[in-house]
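Everything on this sheet refers to the single structure shown next.
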Amino acid sequence: MSTEPTSIEGSVTPPTSIDSENSRVGASSQTKGTTGKRKATQRSEVWSHFTKIINSDGTSKAKCNYCQKEFCCDMKKNTTGSLKYYIGSCKKNPSNVVDNSQGQLVLPRKGVERGEGNLSTWRFDQEACRKGLAQMIVIDELPFKFVESECFKKFMFVVCPKFHIPSRTTMTRDVYQLYLDERIKIKQLLRSSCSRVCLTTDTWTSLQRVNYLCITAHFIDNDWKLNKKILNFCPISSHKGESIGMVIEKCLLNWGIDKLFTVTVDNASSNDVAIGYLRKKFNPRGGLVQNGKYLHMRCMAHIVNLIVVKGSKEMNKSVERVRGAARYVRQSPARIQKFKECVVVEKIECKKMLCLDVCTRRNSTYLMLDTAQNFERAFERFEEQDTNFRAELERGEGWPSVDDWDNVRNLRDFLEHFYEVTLCISGTSYVTSNNFFDELSEIDILLRDAQLKSNVDFSVMTIKMKEKYDKYWGDIDKMNFLMYVACILNPRQKLKYIEFALSEMSSSEKACEMMQKLKESLYELFDEYKPPLHSTCSQLSVPTHVSLGELQQKKSKGKCKLCIKSVSWKFVVKIKHLSWINI
Numbered sequence: 001m002s003t004e005p006t007s008i009e010g011s012v013t014p015p016t017s018i019d020s021e022n023s024r025v026g027a028s029s030q031t032k033g034t035t036g037k038r039k040a041t042q043r044s045e046v047w048s049h050f051t052k053i054i055n056s057d058g059t060s061k062a063k064c065n066y067c068q069k070e071f072c073c074d075m076k077k078n079t080t081g082s083l084k085y086y087i088g089s090c091k092k093n094p095s096n097v098v099d100n101s102q103g104q105l106v107l108p109r110k111g112v113e114r115g116e117g118n119l120s121t122w123r124f125d126q127e128a129c130r131k132g133l134a135q136m137i138v139i140d141e142l143p144f145k146f147v148e149s150e151c152f153k154k155f156m157f158v159v160c161p162k163f164h165i166p167s168r169t170t171m172t173r174d175v176y177q178l179y180l181d182e183r184i185k186i187k188q189l190l191r192s193s194c195s196r197v198c199l200t201t202d203t204w205t206s207l208q209r210v211n212y213l214c215i216t217a218h219f220i221d222n223d224w225k226l227n228k229k230i231l232n233f234c235p236i237s238s239h240k241g242e243s244i245g246m247v248i249e250k251c252l253l254n255w256g257i258d259k260l261f262t263v264t265v266d267n268a269s270s271n272d273v274a275i276g277y278l279r280k281k282f283n284p285r286g287g288l289v290q291n292g293k294y295l296h297m298r299c300m301a302h303i304v305n306l307i308v309v310k311g312s313k314e315m316n317k318s319v320e321r322v323r324g325a326a327r328y329v330r331q332s333p334a335r336i337q338k339f340k341e342c343v344v345v346e347k348i349e350c351k352k353m354l355c356l357d358v359c360t361r362r363n364s365t366y367l368m369l370d371t372a373q374n375f376e377r378a379f380e381r382f383e384e385q386d387t388n389f390r391a392e393l394e395r396g397e398g399w400p401s402v403d404d405w406d407n408v409r410n411l412r413d414f415l416e417h418f419y420e421v422t423l424c425i426s427g428t429s430y431v432t433s434n435n436f437f438d439e440l441s442e443i444d445i446l447l448r449d450a451q452l453k454s455n456v457d458f459s460v461m462t463i464k465m466k467e468k469y470d471k472y473w474g475d476i477d478k479m480n481f482l483m484y485v486a487c488i489l490n491p492r493q494k495l496k497y498i499e500f501a502l503s504e505m506s507s508s509e510k511a512c513e514m515m516q517k518l519k520e521s522l523y524e525l526f527d528e529y530k531p532p533l534h535s536t537c538s539q540l541s542v543p544t545h546v547s548l549g550e551l552q553q554k555k556s557k558g559k560c561k562l563c564i565k566s567v568s569w570k571f572v573v574k575i576k577h578l579s580w581i582n583i
């Protein structure tokens, strides 16, 4: 009779040739009786600390990898609870060893959080290492299976042998726990350091035809630091304004935000409906300034892009021919290499390489023209070496002529101003709204001066761009007054600068009318923030029913100058976030 030796996992070895016939009969009967059953897998995390063995008496045991102690682990009689408990108490487990020695000094490193500054001490901490690993997975957008790669395991064994690398399932839980911890921190920050929040939001459709919405909050904390936090990134049912408004409202309620200052969106008509929905929902709760009068903020960068697109259409032929030439060169690596050789022969000192514009990127057309205009001679030499180059372009928009290159250079110089404006107002880590009026007035002057040029095509282009400019910024009633208020709160400008700039941009009568409306808005804002300052005003013996205009009259008479200065400063402090609106 044959013996059946068992392995460490308890699996049966194949039968010998002596009893092969009997084994076939037994195997066939076993196959019939065990059809549909699947071998159980060890999924518990304790098996990374224990090894399953079979004793001489045939019982299953779990041997600790650190102290070699054995425990019962029969699948039908025992559970892994005792094993999991022992992991935390095993004295030889590296994770449980308490390092009582002096901590290692760590030098400050640039670019590492809390790295710059004084010297600090370091001790091995399993939980801190796991948290740092989770942060790396999130920030560097790595897959969860990265922690199970052989190279990463070898690297960690060399760097820190004590660190027990978690599985990708454990890493998933750690990342989710990191999200929950950060969510609590942001909620506490919003509750304690912020009175009102400014939102920016946008929607788009992916290649899989899925609609997405992103909501970002901008606010100032008690340390006067600008904060930018993404509150939600989620799929939505449609791009309808009602759906967008409902998703934004739900997100704000989940975060405990009930006071809004502005919502910055692009010029899609659905966003007008969404803003109306938010105004209707938040007005009864008292969460808006002036009943939502200043809630809707149109994205300035988007309007600048619309102006540029309107002008580019007037010189579309020259742009299309240059775009066609750049596209032909970039279609294969061989053409790119040949073009680089032409650049070297022509001694063109430009480190940039040809690029194509993208309709969804605001400055991509300028970047394409800025690069292509440096390689005019390289294109001509490339045409001599590639016989199909000119023929291919002639079948499309045509070969770029000398006049086309002149038009491209003029357009590039003109679009450079809009490129710089877009970079200035698209920042997220610094103030943007106080520069709005400056950039707006510069664009107005630029368009008016360009209309006087002798080039007829260029003059027609700027006229079209000025019409688009006037559609959004020609009438003060269509604009959000907070952009003017942010400029007034700038100590370098104030009301005098606004009055001067408006008189230069329009007629004197229209400038006076606009200034009158602007002053009325300032008075309304002051009255809006006056009730929270009741206690301060009463201590300074200033009646709370006094308006800003009456305060100015008293100041002119020489009365209560200290009170007026104090109340005015408190007014500025209360609306500190007004100067930090991101557009």
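Each step along the sequence shown adds one to the number in UniProt numbering, with nothing skipped, and position 41 is 41. In this text, a Cβ means the ideal position worked out from N, Cα and C, and glycines have one as well.
Residue i, DSSP secondary structure in three states
i    : result
K554 : Because the pLDDT of K554 is 45, which lies under 50, any placement of that residue in the model is unreliable, and the number read from its coordinates should be weighed accordingly. Note: K554 maps to helix in three-state DSSP.
E376 : helix
K154 : helix
K519 : helix
L190 : helix
L252 : helix
S195 : coil
W122 : strand
P235 : strand
N211 : strand
S167 : coil
I257 : coil
T365 : helix
K229 : strand
T79  : coil
S95  : helix
D477 : helix
W399 : coil
V358 : coil
M483 : helix
G287 : coil
Cβ-based neighbour list, residue i, same chain, cut-off 8 Å, excluding 5 preceding and 5 following
i    : result
H417 : E442, I443, L446
C73  : F50, K52, S60, K61, A62, T80, L83
R381 : C342, V345, E346
V456 : none
Sequence-distant residues of the same chain with beta carbon closer than 6 Å to residue i, five excluded per side
i           : result
D266        : C299, H302
I230        : T216
G257        : A small fix is needed here, since residue 257 is Ile in this sequence, not Gly. Only V197 meet the Cβ criterion.
Y472        : I303
E520        : none
E70         : K61, K63
residue 584 : What the structure shows of the chain is the stretch from 1 to 583, and residue 584 is not part of that stretch, so it cannot be assessed.
N78         : C72
Whole-Å CB distance - residue i paired with residue j, under 8 Å assumed
i           : j    : result
K310        : K464 : 5 Å
I165        : V147 : 6 Å
residue 588 : A378 : This structure leaves residue 588 out entirely; the chain is present only between 1 and 583.
D202        : C214 : 6 Å
L393        : Y328 : 7 Å
L199        : L260 : 7 Å
L356        : F375 : Contact doesn't hold; Cβ gap of about 14 Å is too wide.
Q373        : V408 : 5 Å
L295        : V273 : So it is not a contact: roughly 13 Å between Cβ atoms.
K153        : R168 : About 13 Å separates the two Cβ atoms, so there is no contact after all.
T371        : K340 : At roughly 13 Å, the Cβ-Cβ gap does not stay under 8 Å, so T371 and K340 are not in contact.
L482        : I488 : With a Cβ gap of about 10 Å, L482 and I488 do not count as contacting.
V485        : L440 : Not really, about 14 Å apart at Cβ, beyond 8 Å.
Nonlocal neighbours in the same chain, by C-beta distance under 7 Å from residue i, ignoring five residues either side
i           : result
S206        : Y212
residue 584 : Because residue 584 is not part of the residues shown, which for the chain are 1 to 583, the question remains open.
G276        : none
Which residues DSSP lists as bridging residue i, in chain order
i    : result
T200 : T216, T264
H296 : V263
E70  : K63
I139 : None; I139 has no bridge partner.
K84  : Beta-bridge pairing links K84 to no other residue.
I53  : K61
T205 : N211
* Asked: Where in the stretch 413 to 464 do unbroken runs of the alpha helix (DSSP H), each at least 4 residues long, occur, reported from the N-terminal end onward?
  -> Within the stretch 413 to 464, the complete alpha helix (DSSP H) runs of at least 4 residues are 436 to 450.
* Taking the runs of the alpha helix (DSSP H) that are 4 residues or longer, which of them lie wholly in the stretch 295 to 339? -> 300 to 312, 316 to 329
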